[in-house]
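Student: Have a look at the structure that comes next, please.
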Amino acid sequence: MITLQHRRRARRDDIVPMINVAFLMLVFFLMSAVIAPPAPVDIAVPTTTEASSSVDGVTLFVTSDGELIGANGSVVQDLNVFADGPVTVSADATFPANSFVRVVESLRLAGVAEIHLVARNQLN
Amino acid sequence: MSLQLTEVRRVRRPNLMPMIDVVFLLLIFFMLASSFERDVAIQVNTGGGNSTLSGPPRLIDIAPDNLRLNGHVVSFENMATALDEVVSNRTDAIVLRPRDGADLQRLVDVMSALGEQGFSALVLLE
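Protein chains in written order, with the working numbering: chain B, 121 to 244; chain F, 212 to 337.
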């Protein structure tokens with residue numbers, strides 16, 4: 121009787137250290153994570169089946185009027201400040217394509233060498 | 212005697228229910244807040260660089276309901292074979308010109324289709 125009870129108690133490990141470690145990791149990842157900022161304008165980007173590179177550099181958003189908006193929500197006045205690095209343009213799928221080309225051309229004229237368009241990858 | 216010993220030694224085990232509540236709350240929060248849709252970047256080029264276009268013209272007009280290669284209507288499926296007749300290899304520059312009424316999704320569809328066929332140098336023209 122005594123040996124049986126003893127054996128049952130020994131099987132039950134102390135789970136508190138595991139909980140401590142799990143919460144420590146939880147807090148670490150919570151603090152190190154960066155929450156993605158929401159887009160300043162309502163945009164449903166076009167979809168693609170092509171596997172391309174991931175988004176990097178400055179992201180500019182195109183409004184339905186064809187204006188370029190920065191991530192902070194204000195209209196971009198001077199395109200030349202983006203001439204150094206790559207620029208990623210996010211525009212709605214229903215935005216007129218020739219107006220989009222005009223926007224890309226204005227960026228190109230401002231000296232931006234690398235321009236990307238944001239699309240959503242559809243798994244096929 | 213042995214019964215009393217076990218009473219004394221009983222380890223105080225924490226109540227796990229509140230912790231499970233909190234963990235599930237966090238789980239639901241992150242499930243709702245996260246997005247599994249993967250955004251990708253498509254390289255777009257326009258003219259005006261120092262590169263020169265050589266060889267026969269390769270201009271695709273993108274209308275909302277048809278495609279024209281150098282003015283002749285081609286179907287979406289036959290676009291690659293029609294292009295092969297005017298390029299020496301598939302890395303040659305191809306000019307895409309969206310017409311009125313074509314939206315960005317249409318342009319991306321054409322660019323993706325060409326990209327998957329290996330046409331890597333796509334130039335946008337207004």
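Every residue gets a Cβ at the ideal spot worked out from N, C-alpha and C, and that includes glycine. As the structure is a prediction and not an experimental result, all values here were calculated from the model.
#1: Using 10 angstroms around the beta-carbon of B/Pro-158, count the other beta-carbons present and answer buried if the total reaches 16, otherwise exposed.
#2: Which residues in chain F have a C-beta closer than 8 angstroms to the C-beta of B/Asp-212? List them in chain order.
#3: Cα-Cα, which of F/Val-284, F/Leu-237 and F/Val-334 is closest to F/Pro-275?
#4: Name the DSSP beta bridge partners of B/Thr-249, please?
#5: If you run the structure through DSSP and keep just helix, strand and coil, what is B/Ile-163?
#6: By Cβ distance below 8 angstroms, which residues in the same chain neighbour B/Met-121 in space, the five residues on each side in sequence not counted?
#7: Is B/Gly-205 near B/Val-196, with beta carbons less than 8 angstroms apart?
#8: Can F/Ile-273 and F/Leu-318 be called in contact, C-beta distance under 8 angstroms?
#9: Kindly give me the distance between the Cβ atoms of B/Leu-180 and B/Val-207, rounded to whole angstroms, as I take these residues to be in contact under 8 angstroms.
#10: Which residues in chain B have a C-beta closer than 9 angstroms to the C-beta of F/Arg-310? List them in chain order.
#11: Can you find at least 3 beta carbon pairs, one from the region 209-220 of chain B and one from the region 135-154 of chain B, that sit closer than 8 angstroms?
#12: Answer with buried or exposed for F/Ser-265, where buried requires no fewer than 16 other C-beta atoms within 10 angstroms of its C-beta.
#13: For the region 170-186 of chain B, list every residue whose C-beta sits within 8 angstroms of some C-beta in chain F, in sequence order.
#14: Using the rule of at least 16 other Cβ atoms within 10 Å of the residue's Cβ for burial, across every protein chain shown, is F/Ala-313 buried or exposed?
#15: One question on the structure: do F/Leu-307 and F/Val-321 come within less than 8 angstroms of each other, judged by their Cβ atoms?
#16: How is the alpha helix (DSSP H) around B/Val-141 delimited, first residue to last?
Tutor: Well, looking at it:
#1: exposed
#2: Leu-315
#3: F/Val-284
#4: Because chain B here runs from 121 to 244, residue 249 of chain B falls outside it and cannot be looked at.
#5: coil
#6: Because B/Met-121 carries a pLDDT of 49, less than 50, the predicted location of this residue cannot be relied on, and the following value inherits that uncertainty. Result list for B/Met-121: empty, nothing under 8 angstroms.
#7: no
#8: yes
#9: 6 angstroms
#10: Ala-217 and Asn-218
#11: no
#12: exposed
#13: Glu-170, Ala-171, Ser-172, Ser-173, Ser-174, Val-175 and Asp-176
#14: buried
#15: yes
#16: 136-152
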